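Q: Before I ask anything, let me first share the structure, which is written out below as structure tokens.
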Amino acid sequence: MATGPRYFVPFRRRHEGKTDYYRRMSLLSSGSPRMVVRKTNRQIIVQLVVPGSEGDRTLVAAYSAELAGYGYEGSTASTPAAYLTGMLFAVKALNAGYEEGILDIGLARAKSGARVFAALKGAVDGGLDIPYGESILPDEERLKGAHIAEYAPEQAGNLVANVEAVALAIKKELV
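When the letters of the sequence shown are read in order and numbered with the numbering used here, they come out as residues 533 to 707.
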């Protein structure tokens with residue numbers, strides 16, 4: 533291992549490839565709570581996070597696994613699930629008294645139409661004030677699951693109608 537006065541040891545989370553500190557600092561300097569979107573192999577996680585002196589605090593969280601309680605029948609890691617999770621997150625955040633935020637996609641690649649931007653579209657449609665550009669959002673057909681129903685109609689069933697019904701059920705939760 534290199535030693536000496538000129539050797540620089542990077543931050544642990546940077547070394548592990550978990551945190552981009554330049555992007556994190558720009559997000560924190562905005563002063564708004566962060567809408568953190570993370571995707572796993574099985575679900576989508578959306579959280580409202582504020583920085584603190586002892587670490588970040590999560591104020592509101594929504595998981596795509598919760599969509600089953602609203603009657604969602606599709607995959608919890610798909611684009612429609614990300615859209616509905618973003619909408620569920622917006623309803624929870626508005627009910628808790630939070631109305632704005634800024635998107636934090638972490639180390640995910642910012643590719644237009646990605647699932648993280650589907651969650652953003654769901655949060656904006658749910659009523660949150662989050663700045664974004666129209667060109668990054670997925671098409672409406674993808675948000676509703678039409679591409680899945682076209683690709684695998686026997687597995688998807690009536691996914692488009694199911695997504696619309698779940699979206700209505702989520703919006704009814706808004707107090």
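By construction, the Cβ of each residue, glycine as well, lies at the ideal position given by its N, Cα and C atoms.
Being a predicted model, the structure only gives us computed values, none of them experimental.
#1: Answer with buried or exposed for leucine 652, where buried requires no fewer than 16 other C-beta atoms within 10 angstroms of its C-beta.
#2: Below 8 angstroms between beta carbons: does that hold for isoleucine 662 and isoleucine 634?
#3: Give the DSSP bridge partners of valine 568, in chain order.
#4: So, under 8 angstroms CB-CB, lysine 676 and valine 656 are touching, yes? Tell me the CB distance rounded to an integer number of Å.
#5: As a quick exercise: from Ala701, Val541 and Ala681, pick the residue whose alpha carbon is nearest that of valine 692.
#6: Between the Cα of tyrosine 602 and those of Ala613, Val592 and Ala593, spot the shortest distance and give me the residue it belongs to.
#7: List the residues that DSSP assigns as beta-bridge partners of alanine 594.
#8: Give every residue of the same chain whose Cβ lies closer than 6 angstroms to the Cβ of leucine 560, excluding the five residues on either side of it in the sequence, and list them in chain order.
#9: Taking the alpha carbon of arginine 566 as the point to measure from, which residue in Ala678, Asp588 and Ser607 has its own alpha carbon closest?
#10: My output table needs one value for arginine 538: the three-state DSSP class, helix, strand or coil.
#11: Got a sec? Which residues, its chain only, sit under 8 angstroms from methionine 619 by beta carbon, not counting five neighbours each side?
#12: Near alanine 594, which residues of its chain fall below 7 angstroms by C-beta distance, leaving aside the five closest residues on each side in sequence?
#13: State the DSSP-derived secondary structure class of arginine 589, mapped to helix, strand or coil.
A: This is what the structure holds:
#1: buried
#2: yes
#3: Gln579 and Asp636
#4: So it is not a contact: roughly 16 angstroms between Cβ atoms.
#5: Ala681
#6: Ala613
#7: Val578
#8: Pro583
#9: Asp588
#10: coil
#11: Gly654, Ala655, Asp657, Gly658, Ala699, Ile702 and Lys703
#12: Val578, Thr617, Leu620, Phe621 and Lys624
#13: strand
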